[in-house]
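Written out below as structure tokens is the structure these notes cover.
There are 2 protein chains.
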Amino acid sequence: MESLGIKIKQLREKHMLPLRTVAAYLDIDQAILSKIEHGHRKASREQVVKLAEYFKTDENNLIVIWLSDKLAYEIQDEVLAKRALKAAEKKVDYLKKSKPLAK
Amino acid sequence: MESLGIKIKQLREKHMLPLRTVAAYLDIDQAILSKIEHGHRKASREQVVKLAEYFKTDENNLIVIWLSDKLAYEIQDEVLAKRALKAAEKKVDYLKKSKPLAK
DNA sequence: ATTACCTTTGACAATTTAAGTCAAAATAAA
DNA sequence: TTTATTTTGACTTAAATTGTCAAAGGTAAT
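Just so you know, the protein sequences line up as chains A and B, in that order.
Going by our numbering, the first sequence opens with residue -9, and the numbers climb by one from there.
Going by our numbering, the second sequence opens with residue -9, and the numbers climb by one from there.
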């Protein structure tokens, strides 16, 4: 059960890098990166991709963590959260099948 | 595989009501309701609850449709959508267990 | 074809939410 | 204690949402 913030912080500390350095690479203020690590701000998709590249870690894995954070955050207060997620899966299946060449 | 817009439209037509009437009940312009029915706008949670009451239909069911629409919409373009949904389920499980009394 | 009604669309405005900067306070290390 | 780093909060800017309004498109009845 990984959250993106914790994951990023672990990666950054493993590489012994200060927020300043990583934030500079992402072209944002270090304050924002700190907030992302603590889950007080969301990262953008672009930022996640950049981070994966920067730390040479699997991009897909990071994207899944980031997406699932967003989804879970969006419905965490809903009693019907699980039912909604199940239903969403079916909808996604349907969309994938009905327009497999889209976009 | 129901979408909220279609569901609402069906309910409204079953009751032979014009957009105007239902929109007035929701206290919004009929243009917005039209857009909601077509999926060009999202309904708010309040609006969904009001609609369930108005049409005397199961509120939970309508909420699940509404929530799953939102979730599916948010990740429909992601290749990793299904993986993310599965991961989100686990996160939701975890959150429910760790703070079961949280409001 | 005209009238009357309902629905849909798009341009625009207002409001809300999110994303960012900056500086100061808190923390940790040297 | 001084130097680095991290965290926090007040404030600004940018972007996304949500709504209004008016015009255009459909439909059915006459």
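Backbone N, C-alpha and C define an ideal beta-carbon position, used for all residues, glycine too.
Excluding five sequence neighbours on each side, which residues of the same chain lie with their C-beta closer than 7 Å to the C-beta of residue i?
i: B:Thr47; result: Leu1
i: B:Leu91; result: Note on B:Leu91: pLDDT 45, under 50, position unreliable in the model; the coordinate value appears next. Hits under 7 Å: none found.
i: B:His94; result: Residue 94 of chain B is absent from the structure shown; chain B starts at -9 and stops at 93.
i: A:Lys25; result: Arg31
i: A:Ala33; result: Leu(-6), Ile26 and Trp56
Between the options, which lies nearest to residue i when the distance is taken from Cα to Cα?
i: B:Ile55; options: A:Ala21, A:Leu75, A:Lys(-3) and A:Ala14; result: A:Leu75
i: A:Leu41; options: A:Asp59, A:Glu68 and A:Lys(-3); result: A:Lys(-3)
i: B:Lys(-7); options: A:Lys87, A:Ala78, A:Glu3 and A:Gln20; result: Per the sequence shown, residue -7 of chain B should be read as Ser rather than Lys. When each option's Cα is compared against that of B:Ser(-7), the closest is A:Ala78.
i: A:Lys72; options: B:Val12, B:Lys81, B:Glu68 and B:Val69; result: B:Lys81
i: A:Ile53; options: B:Glu49, B:Leu52, B:Ala21 and B:Leu70; result: B:Leu70
i: A:Arg35; options: B:Leu7, B:Ile18, B:Met(-9) and B:Glu68; result: B:Glu68
i: A:Glu(-9); options: A:Glu3, A:Asn51 and A:Ser88; result: The displayed chain sequence assigns Met, not Glu, to residue -9 of chain A. Checking every option, the nearest Cα to that of A:Met(-9) belongs to A:Asn51.
Hey, could you find the ends of the alpha helix (DSSP H) residue i is sitting in?
i: B:Glu64; result: Glu49 to Ile65
i: B:Ala21; result: Gln20 to His28
i: B:Ser79; result: Note that residue 79 of chain B corresponds to Glu in the displayed sequence, not to Ser. Unbroken alpha helix (DSSP H) run through B:Glu79: Ala71 to Ser88.
i: A:Lys96; result: Only positions -9 to 93 of chain A appear in the structure, and residue 96 of chain A is not among them; the question remains open.
i: A:Lys4; result: Leu(-6) to Lys4
i: B:Leu9; result: Leu9 to Leu16
Grab me the residues of residue i's own chain with a C-beta within less than 6 Å of its C-beta, minus the 5 sequence neighbours each way, in chain order.
i: A:Leu85; result: none
i: A:Arg10; result: Gln20
i: B:Gln37; result: Leu16
Report all residues from its chain with a CB closer than 8 Å to the CB of residue i; omit the five preceding and five following residues, and keep chain order.
i: A:Tyr15; result: Lys40 and Tyr44
i: B:His5; result: Phe45
i: A:Ile22; result: Ala13 and Arg31
i: B:Lys93; result: Confidence is the limiting factor: at B:Lys93 the pLDDT is only 34, short of 50, which leaves the residue's position unreliable, though a coordinate-based value still follows. Nothing meets the Cβ criterion.
I'd like to confirm something about residue i: is its beta-carbon nearer than 8 Å to some heavy atom of the ligand PLP, or not?
i: A:Leu57; result: Looking at this structure, you won't find the ligand PLP or any other ligand, since it has none at all.
Taking one C-beta from the stretch 59 to 67 of chain A and one from the stretch 48 to 67 of chain B each time, how about it: are there three or more such pairs within less than 8 Å? Touching, yes, given that three or more Cβ pairs across the two stretches are closer than 8 Å.
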